[in-house]
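Shown next, in structure tokens, is the structure this report addresses.
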Ligand code: NAD
């Protein structure tokens, strides 16, 4: 089983070590800095933010957690973001999602300065990703591409099926794969005969947020499966793939936990470092 696993834990450690070394070598300048803005006290967000801050500490990146009241108005939140946009000592700004319903996430994403857009969710960054001119990539798709390239999974000419068309995973990932000359199919809840569409893929990427959606009927023996799902079922963290059912039926697969999740954090910090480099060229 071990040789079928694509370990995000392992690759993310390598990436973070690389970043640590680069940051350690900064002697004649201030250090890169990220600010994580949180509105309210969502439990999952608290956990994700804790992981991000811990990773910053490990690699010597400066970080700040700006925790704002659940009832902050959109105007007040925009003001906080403008302040961060204007702060020369801040390289990356992320606003942890989800935001409370009274705040328009799209407006917030559009307000973060494109030169500080560490999550890569702004329309400008996403447009550049589509045009293949961006140096910053939404962290989860960025991590997925790194995992595939690390395992030498051929992308050129590959038949890739992505389940999920969100603005932060499915859509940017599809564009990044098209730019690598893959043939990409993006599925959603209205896709007909999903299992049969999936089964023909060389690479199947599942980002639906539905536990155990992917059974053995969706896969083939030569397939690489990337499980993006982060679901909690009966207090247990699991992906979109029924791992025990599928592991013997595929060539390579990411586990959950220990697959895409740790790569997302490492790639987020790589984005911050790259934004810092751009600013200090
Ligand atoms: P989303 O809810 O915004 O989008 C889900 C997409 O999946 C939609 O396009 C929907 O049409 C599609 N979908 C849902 N059920 C489907 C079904 N039964 N058949 C076909 N398509 C279906 O979600 P998102 O933000 O893209 O996240 C997707 C999942 O990935 C979630 O579990 C999320 O927690 C996880 N996630 C994990 C990471 C990570 O770092 N591990 C990062 C981002 C998202």
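Residue numbers (the UniProt record's numbering): 1 to 281. Note that beta-carbon positions come from the ideal geometry of N, C-alpha and C, so glycine has one too.
Under the three-state DSSP convention, the category residue i falls into
i, result
"residue 134", "coil"
"residue 146", "helix"
"residue 159", "strand"
"residue 209", "coil"
"residue 217", "helix"
"residue 94", "strand"
Residue i burial status per 10 Å Cβ neighbour count (16 or more: buried)
i, result
"residue 195", "exposed"
"residue 44", "exposed"
"residue 98", "exposed"
"residue 149", "exposed"
"residue 76", "exposed"
"residue 129", "buried"
"residue 28", "exposed"
Under 7 Å between C-beta atoms of residue i and residue j
i, j, result
"residue 11", "residue 273", "no"
"residue 64", "residue 35", "yes"
"residue 261", "residue 207", "no"
"residue 91", "residue 33", "yes"
"residue 93", "residue 116", "yes"
"residue 252", "residue 6", "yes"
"residue 198", "residue 233", "no"
"residue 283", "residue 40", "Absent from the model: residue 283. The displayed extent of the chain is 1 to 281, so no value can be given."
"residue 237", "residue 257", "yes"
"residue 265", "residue 240", "no"
"residue 249", "residue 216", "yes"
"residue 228", "residue 246", "no"
"residue 144", "residue 226", "yes"
Residues that residue i bridges to, as DSSP identifies them
i, result
"residue 224", "203, 252"
"residue 38", "67"
"residue 236", "233"
"residue 183", "159"
"residue 114", "Paired residues: none, contrary to the question."
"residue 62", "33"
"residue 5", "253"
Counting pairs of Cβ atoms below 8 Å between the segment 111-128 and the segment 42-56, do you hit three or more? no
Does the count of Cβ pairs from the segment 197-213 and the segment 155-165 closer than 8 Å reach three? yes
Contact between the segment 131-149 and the segment 167-185 is defined here as three or more beta-carbon pairs at a separation below 8 Å; is this criterion met? yes
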